[in-house]
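Keeping their order, the protein sequence lines are chains E, A, C and F.
Quick note on numbering: our numbering labels position 8 of the first sequence as 119, and the sequence is numbered without any gaps.
Quick note on numbering: our numbering labels position 238 of the second sequence as 349, and the sequence is numbered without any gaps.
Quick note on numbering: our numbering labels position 362 of the third sequence as 473, and the sequence is numbered without any gaps.
Quick note on numbering: our numbering labels position 348 of the fourth sequence as 459, and the sequence is numbered without any gaps.
Positions of the beta carbon are idealized from the N, C-alpha and C atoms, including for glycine.
Since the structure comes first, as structure tokens, the remarks are kept for the end.
There are 4 protein chains.
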Amino acid sequence: MGNTFGTQFRISTWGESHGAGIGVVVDGCPPRLPLTVDDLQHDLDRRRPGQSRLTTQRGEADQVEILSGVFEGRTTGAPIGLLVRNDDARSGAYDHLKDLYRPSHADFTYDAKYGHRDWRGGGRSSARETIGRVAAGAIARRLLAEVAGIDVLGWVSRVHDVMADVDPGSVTLEAVEADATRCPDPTAAAAMTAAIDAARHDGDSLGGIVTCVARGVPAGLGAPVFDRLEADLAKGMLSLPASKGFDVGAGFDAVSMTGRQHNDAFVPGPDGPVTATNRSGGVQGGITTGGDVVFRVAFKPTATIASAQDTVTVDNEAVSLEARGRHDPCVLPRAVPMVEAMALLVLADHWLRQRTTDVLPH
Amino acid sequence: MGNTFGTQFRISTWGESHGAGIGVVVDGCPPRLPLTVDDLQHDLDRRRPGQSRLTTQRGEADQVEILSGVFEGRTTGAPIGLLVRNDDARSGAYDHLKDLYRPSHADFTYDAKYGHRDWRGGGRSSARETIGRVAAGAIARRLLAEVAGIDVLGWVSRVHDVMADVDPGSVTLEAVEADATRCPDPTAAAAMTAAIDAARHDGDSLGGIVTCVARGVPAGLGAPVFDRLEADLAKGMLSLPASKGFDVGAGFDAVSMTGRQHNDAFVPGPDGPVTATNRSGGVQGGITTGGDVVFRVAFKPTATIASAQDTVTVDNEAVSLEARGRHDPCVLPRAVPMVEAMALLVLADHWLRQRTTDVLPH
Amino acid sequence: MGNTFGTQFRISTWGESHGAGIGVVVDGCPPRLPLTVDDLQHDLDRRRPGQSRLTTQRGEADQVEILSGVFEGRTTGAPIGLLVRNDDARSGAYDHLKDLYRPSHADFTYDAKYGHRDWRGGGRSSARETIGRVAAGAIARRLLAEVAGIDVLGWVSRVHDVMADVDPGSVTLEAVEADATRCPDPTAAAAMTAAIDAARHDGDSLGGIVTCVARGVPAGLGAPVFDRLEADLAKGMLSLPASKGFDVGAGFDAVSMTGRQHNDAFVPGPDGPVTATNRSGGVQGGITTGGDVVFRVAFKPTATIASAQDTVTVDNEAVSLEARGRHDPCVLPRAVPMVEAMALLVLADHWLRQRTTDVLPH
Amino acid sequence: MGNTFGTQFRISTWGESHGAGIGVVVDGCPPRLPLTVDDLQHDLDRRRPGQSRLTTQRGEADQVEILSGVFEGRTTGAPIGLLVRNDDARSGAYDHLKDLYRPSHADFTYDAKYGHRDWRGGGRSSARETIGRVAAGAIARRLLAEVAGIDVLGWVSRVHDVMADVDPGSVTLEAVEADATRCPDPTAAAAMTAAIDAARHDGDSLGGIVTCVARGVPAGLGAPVFDRLEADLAKGMLSLPASKGFDVGAGFDAVSMTGRQHNDAFVPGPDGPVTATNRSGGVQGGITTGGDVVFRVAFKPTATIASAQDTVTVDNEAVSLEARGRHDPCVLPRAVPMVEAMALLVLADHWLRQRTTDVLPH
């Protein structure tokens with residue numbers, strides 16, 4: 112279990128890194144939405160390995176096939192089955208990992224849980240699993256654009272100790288995509304690239320932060336008390352491989368403010384109250400204010416490093432591991448479409464949920 | 112919707128701050144668990160208002176009644192209905208709030224969502240709703256102690272800029288409960304008390320951080336890919352009133368480490384592999400390693416402050432608000448049992464879920 | 112688990128026959144619906160024991176208290192907590208049942224499942240549990256009347272071998288309520304009354320059939336493939352105590368028709384296609400046609416009889432049981448509001464679900 | 112939505128009759144279960160079209176591919192993705208159906224619900240969708256055999272007015288499979304074959320009843336109150352194409368019995384109480400007694416007939432339809448593996464659910 116996300120816009124992913132392929136079933140997408148393979152491929156290409164020298168060189172085209180749920184260019188309301196075949200699955204490259212546990216990977220924990228594990232490239236715990244999320248997120252993106260005018264954009268705001276200066280209100284997709292780092296601040300992007308190159312050279316790896324904004328979100332999305340928008344976002348983000356933290360609005364920085372400094376005063380807006388500031392990050396009591404929803408996700412440095420590490424075998428004997436497989440020295444650039452996908456899925460879900468609330472006249 | 116949490120150990124809360132009372136239904140608690148009102152009351156008393164001068168003076172005994180699911184001192188497997196009546200519900204004190212929106216409260220967003228709102232003391236968005244969570248968490252605590260030897264303990268690790276120095280491996284409930292701040296570092300506790308007193312005096316409020324540890328957790332709990340243990344913890348924590356951030360293990364601090372610095376080497380342990388360090392926070396790939404699960408939750412400064420604030424009326428007209436109700440200048444001490452409750456609920460859920468995985472012989 | 116029903120209009124019931132009371136939490140009811148205790152009490156009174164000499168004489172007023180979710184006469188969108196206290200719970204009357212298993216009751220099976228059982232009057236398996244369903248169904252009734260013009264009406268169409276002749280298209284609530292049997296065919300009602308009286312006199316009990324119709328249901332409700340409207344109705348009905356069968360439209364009688372005889376020809380209607388006949392029972396492919404939804408539920412004869420029966424003790428020893436408690440010689444009259452409640456819950460759920468489908472322009 | 116069934120052993124199906132293929136994702140299957148394509152293909156072959164002259168001649172091999180979740184011959188605990196490509200999808204054969212609604216099919220209702228419909232061969236409402244159920248059911252079958260010794264067997268007990276005489280306690284798979292009708296009573300089977308041939312000859316179709324038994328079911332499976340075993344079975348069965356009714360044990364026949372006639376007396380058995388008779392059908396209060404679970408499913412005559420029928424166009428104009436596609440004159444023989452599949456899924460689900468109840472010592 113645990114392979115399904117969402118309630119009204121619900122996805123179920125399946126597939127392993129070195130099995131036949133990766134797929135997802137999307138249930139709950141409203142009928143009559145125009146949808147083509149191209150809508151999906153764009154985000155998949157942003158997630159794809161080998162797109163720049165900053166990422167793993169595994170050669171996967173990640174071409175998606177729509178198996179069901181779309182007829183004559185429109186969704187039918189039936190579940191949408193999507194499939195991406197694995198092409199460059201060099202399982203042999205993982206033979207030396209069969210009998211040991213890589214540090215800070217899921218090898219040991221999967222064995223502890225399941226007693227049987229697909230050890231080829233991480234199996235189910237591989238970031239390849241996120242193909243299904245990104246493809247489903249692209250459908251959510253199309254839906255939200257079509258019916259709600261909501262758009263979601265993420266970027267790399269930090270790599271190791273390099274911090275970017277970006278305005279969430281005005282940053283553009285073009286600016287994000289202009290650099291292989293997906294950092295829209297060119298000075299920071301250059302420093303990040305240098306840092307990543309240095310880490311790779313050193314057989315090491317780096318972590319960082321993705322910041323993400325949803326703009327055009329109407330007031331009223333999200334649901335008390337457990338399904339607060341930020342709670343669902345937090346779950347979505349912490350379900351991403353290598354993520355270790357989440358905060359919304361001022362987040363952890365709110366801790367060093369006082370109430371007077373943190374509170375967002377309301378002022379009269381043209382269509383109703385708006386907040387003069389946005390330290391809340393666009394949510395109050397779990398429900399959107401109508402302001403931009405802004406949040407951050409912390410990613411740890413890639414667990415796979417090109418250096419010798421102490422570990423143990425499946426028989427609990429000490430051994431030294433020298434990594435050989437293909438990997439990213441820093442997952443941040445490819446994490447951006449993953450973060451966006453989870454945000455899109457949460458927003459599509461809550462947008463549809465709100466429909467059942469808007470039944471009786473206000 | 113959104114009032115239910117968990118899959119196998121599932122709670123549904125109901126009730127408003129100034130309605131008849133607050134309740135919860137717990138479904139999925141295994142039968143034959145010894146359970147009394149005292150088991151529940153202990154944690155409720157830690158959450159209760161008026162327990163010290165640091166907290167709101169609303170006078171609620173918060174006595175819980177077990178309405179169902181327990182017979183002759185043991186659970187029956189039937190849903191456990193719990194009820195706490197509201198006693199000191201001075202609705203009149205909120206009359207002046209009926210027609211305006213308090214900054215950084217859920218007043219405006221609930222109106223935006225529902226078009227109809229119980230404005231007395233926050234209604235459903237009040238922290239009184241957490242009574243149900245804490246009572247249910249106490250059942251989970253009893254279950255986990257009985258069947259799994261898992262214990263969960265939280266403490267205030269930071270208030271504003273005062274940071275405590277606490278060892279998650281050895282901190283005790285007695286040390287936490289020794290001070291009204293629930294900070295087990297006496298020096299920090301004294302400084303926190305002074306800071307909170309000063310903020311109250313100044314008509315202001317403070318935020319902070321609760322750190323929480325689950326000890327005795329076996330390897331193998333949690334579920335890929337969306338229901339990673341840390342994903343469910345993140346959702347639980349971000350569903351708490353006033354919470355703004357969550358991280359696990361090194362969390363946001365992992366960002367400034369390299370892979371070599373962050374990876375937890377495995378070493379042979381007496382019963383299988385163990386990690387030499389615990390930067391992962393006890394989870395890898397969403398599944399427990401057998402080490403302590405350690406995480407942090409950031410809380411914003413209380414939105415209610417005893418100072419004039421700019422805001423708008425329900426008719427979108429500018430107005431000044433001077434707070435009058437009873438409130439906590441810092442929610443941190445009372446947030447501790449809430450954080451523990453959500454962690455207990457997540458762990459009980461995953462502990463039960465693991466039962467369906469352990470079916471065929473290893 | 113298993114105490115929750117529905118997805119968008121979702122109820123969770125709790126409580127035992129001889130515990131503190133019976134309750135339900137209704138989550139998902141849209142905000143702004145006018146709702147009073149009277150709306151609920153009417154259906155509860157139809158379900159109540161002691162309403163006629165045909166039913167058990169247990170003296171319960173079954174007065175419901177609305178604990179949450181309603182403010183100033185309207186729903187708020189928050190979960191609605193309802194409570195009915197048990198008054199006439201003569202547990203002592205059940206002392207002789209503590210150590211044995213009543214035939215065709217749930218005594219043995221609950222013990223087999225839970226290993227711990229509230230043996231007072233059936234505990235959780237008592238038909239008193241349906242109080243929560245009937246109260247929740249009354250909310251669904253109000254909602255469906257208000258927003259959709261759907262009404263649901265059931266009646267006793269058969270008791271033992273007495274069959275009624277009733278037209279589902281025109282039968283009225285007044286006709287159903289005119290007789291204590293809830294059979295709107297006066298001749299059959301008289302025969303049913305005689306049969307029930309004779310069975311009681313003989314220390315025996317009778318079963319029968321409730322037929323139910325939903326009128327005013329628009330085309331398009333229900334969801335392929337597992338959540339067909341009739342599948343959800345079937346589940347709801349088979350979840351009622353003492354029910355043993357369900358069919359929709361021609362149902363089991365369709366077996367002896369040919370396709371030519373059974374198919375419902377479409378004819379042009381004023382607002383689109385309509386069926387000339389309704390052997391389908393208002394559903395095709397799990398989705399409503401716009402015709403009346405008509406279905407039947409079979410109930411077994413009451414398991415409690417005033418005659419000696421062979422059974423075994425909890426220690427697996429043969430024993431003779433002579434029933435003494437209060438009971439209905441025929442559950443059919445009181446089953447009518449229960450059947451209606453489950454149908455109302457299913458329809459409200461699917462009506463709300465359809466809202467997420469009707470998003471893009473047709 | 113509505114494409115997912117089960118809670119612990121959960122399947123999600125996707126795919127249309129004339130799209131790329133049909134698939135299913137099975138989540139919750141325990142790890143370490145031996146599983147091969149052959150385990151699945153056996154039941155798929157029993158469901159396959161063209162297996163005898165009694166069934167449609169659509170030429171589909173229905174070869175299944177396991178895309179994920181199985182490694183080195185055993186399940187891993189990851190979701191199992193299964194795919195069957197559509198081969199013989201002669202969409203052209205359906206061109207004449209594009210603009211009209213076939214009587215008693217889902218054409219009109221899907222249009223009413225979705226406003227956009229895959230009209231090729233019924234699209235999602237086609238019985239081809241059950242491929243996913245049958246494949247998933249085969250996994251459940253393997254699991255239940257391996258861990259619980261439960262076996263499930265269905266047969267055709269009635270076609271139109273031909274009734275079979277079969278003993279649920281002793282009937283064998285060999286006897287069922289001995290005849291193309293899947294009726295293990297040879298005399299009845301011959302009469303059924305004659306009746307089906309006559310109906311086909313006459314351009315008509317027939318309905319019937321599948322009876323099904325689950326043997327080896329331990330006492331204690333099923334969950335009060337909404338998830339009674341028979342409630343979940345009822346939902347599963349009424350979700351099958353063309354099904355119109357369900358009953359368990361004496362079912363609708365219980366109506367004409369009295370309590371004395373219907374009650375199942377308990378007698379001491381070697382390992383605890385057993386019932387002397389089994390009118391309950393192996394369930395009491397929704398939970399299994401340890402006796403055989405026996406139930407019936409009524410299927411309507413096939414809606415597609417080779418005769419002219421009155422219907423309307425999508426523009427609501429009267430038109431005459433003469434059927435041309437390939438179809439079964441009687442679905443009963445192929446319905447048997449579908450009924451078994453749904454029963455297997457329900458039992459696997461409840462068997463896993465019971466694991467979370469059996470936690471504390473009895």
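| Check | Outcome |
| --- | --- |
| Where Gly136 (chain F) meets chain E, residues with beta-carbon distance less than 7 Å | Residue identity differs from the one stated: residue 136 (chain F) is Val in this sequence, not Gly. Per Cβ cutoff of 7 Å: Ser123, Trp125 and Val136. |
| Outcome for Ala299 (chain E) when other beta-carbon atoms lying within 10 angstroms are tallied against a minimum of 16 | buried |
| Arg447 (chain A), enclosing alpha helix (DSSP H) - first and last residue | Checking the sequence, you will find Val at residue 447 (chain A) rather than Arg. Where Val447 (chain A) is concerned, the enclosing alpha helix (DSSP H) stretches over Leu443 to Arg466. |
| Sequence-distant residues of the same chain with beta carbon closer than 7 Å to Glu257 (chain A), five excluded per side | Leu144 |
| With 16 other Cβ atoms within 10 Å as the buried cut-off, status of Thr386 (chain F) | buried |
| Where Lys355 (chain E) sits in the DSSP three-state scheme | strand |
| Residue-chain proximity (Phe116 (chain E), chain F), Cβ-Cβ < 8 Å | no |
| Extent of the continuous alpha helix (DSSP H) to which Glu341 (chain E) belongs | Leu340 to Leu349 |
| Residue burial classification, Pro482 (chain F) (beta-carbon count within 10 angstroms, cutoff 16) | Because chain F here runs from 112 to 473, residue 482 (chain F) falls outside it and cannot be looked at. |
| Between the CA atoms of Ala353 (chain E) and Gly401 (chain F) - distance to the nearest angstrom | 48 Å |
| DSSP three-state assignment for Gly226 (chain E), whether helix, strand or coil | coil |
| Check whether Val321 (chain C) and Gly265 (chain C) have beta carbons under 8 Å apart | yes |
| Integer Cβ distance of Ile416 (chain E) from Asp308 (chain E), believed to fall under 8 Å | So it is not a contact: roughly 15 Å between Cβ atoms. |
| Proximal residues to Asn114 (chain A) (C-beta, below 6 Å), its chain only, five neighbours per side dropped | Ser123 and Thr124 |
| Contact set for Asp99 (chain A): own chain, Cβ-Cβ below 8 Å, skip 5 residues either direction | The first residue shown for chain A is 112 and the last is 473, placing residue 99 (chain A) beyond what the model contains. |
| Secondary structure, beta strand (DSSP E): runs of 3+ residues fully inside the region 127 to 212 of chain E | 132 to 138, 175 to 177 and 191 to 196 |
| Where Asp76 (chain F) falls: helix, strand or coil (DSSP) | Outside the shown range of chain F (112 to 473) lies residue 76 (chain F), about which nothing can therefore be said. |
| Whole-Å CB distance - Leu463 (chain A) paired with Phe182 (chain A), under 8 Å assumed | Actually they do not touch by this definition, with Cβ atoms about 21 Å apart. |
| Three or more C-beta pairs below 8 Å linking the region 446 to 464 of chain C and the region 178 to 195 of chain C | no |
| Residues bridged to Cys294 (chain C) (per DSSP) | DSSP lists no partner for Cys294 (chain C). |
| Same chain, Cβ closer than 6 Å to Glu127 (chain A), neighbours up to 5 away in sequence not counted | Asp229, Gly234 and Arg235 |
| With 16 other Cβ atoms within 10 Å as the buried cut-off, status of Ala429 (chain C) | exposed |
| Chain F contact for Gly139 (chain A) (CB, 8 Å cutoff) | yes |
| Alpha-carbon spacing of Glu341 (chain E) relative to Leu351 (chain E), whole angstroms | 16 Å |
| Best match in E:Gly360, E:Asp154 and E:Ser281 for proximity to Val450 (chain E) [C-alpha to C-alpha] | E:Asp154 |
| Phe377 (chain F) beta carbon less than 8 Å from that of Pro214 (chain C) | yes |
| Length at least 3, wholly inside the region 383 to 408 of chain A: the beta strand (DSSP E) runs in chain order | 383 to 386 |
| Helix, strand or coil at Leu471 (chain A) according to DSSP, with G and I counted as helix | coil |
| Beta-bridge partners of Pro379 (chain C), as assigned by DSSP | C:Pro384 |
| Proximity test, Cβ basis, 8 Å: Tyr225 (chain C) and chain A | yes |
| 9 Å Cβ cut-off: residues of chain F touching Ile242 (chain C) | Within 9 Å Cβ-Cβ: nothing; Ile242 (chain C) doesn't reach chain F, min ~12 Å. |
| Against chain F: residues of the region 260 to 276 of chain C by CB proximity under 9 Å | Arg269, Val270, His271 and Asp272 |
| Partners in chain C for Glu183 (chain E), counting only beta-carbon separations shorter than 8 Å | Result: empty, since nearest Cβ-Cβ is about 15 Å, beyond 8 Å. |
| Residues near Arg239 (chain E) in its chain [Cβ-Cβ closer than 6 Å; skip 5 each side] | Ser128 and Ile133 |
| Residue-chain proximity (Leu455 (chain F), chain D), Cβ-Cβ < 8 Å | Among the protein chains of the structure shown, namely E, A, C and F, there is no chain D. |
| Residues that Gly319 (chain F) bridges to, as DSSP identifies them | F:Val270 and F:Phe410 |
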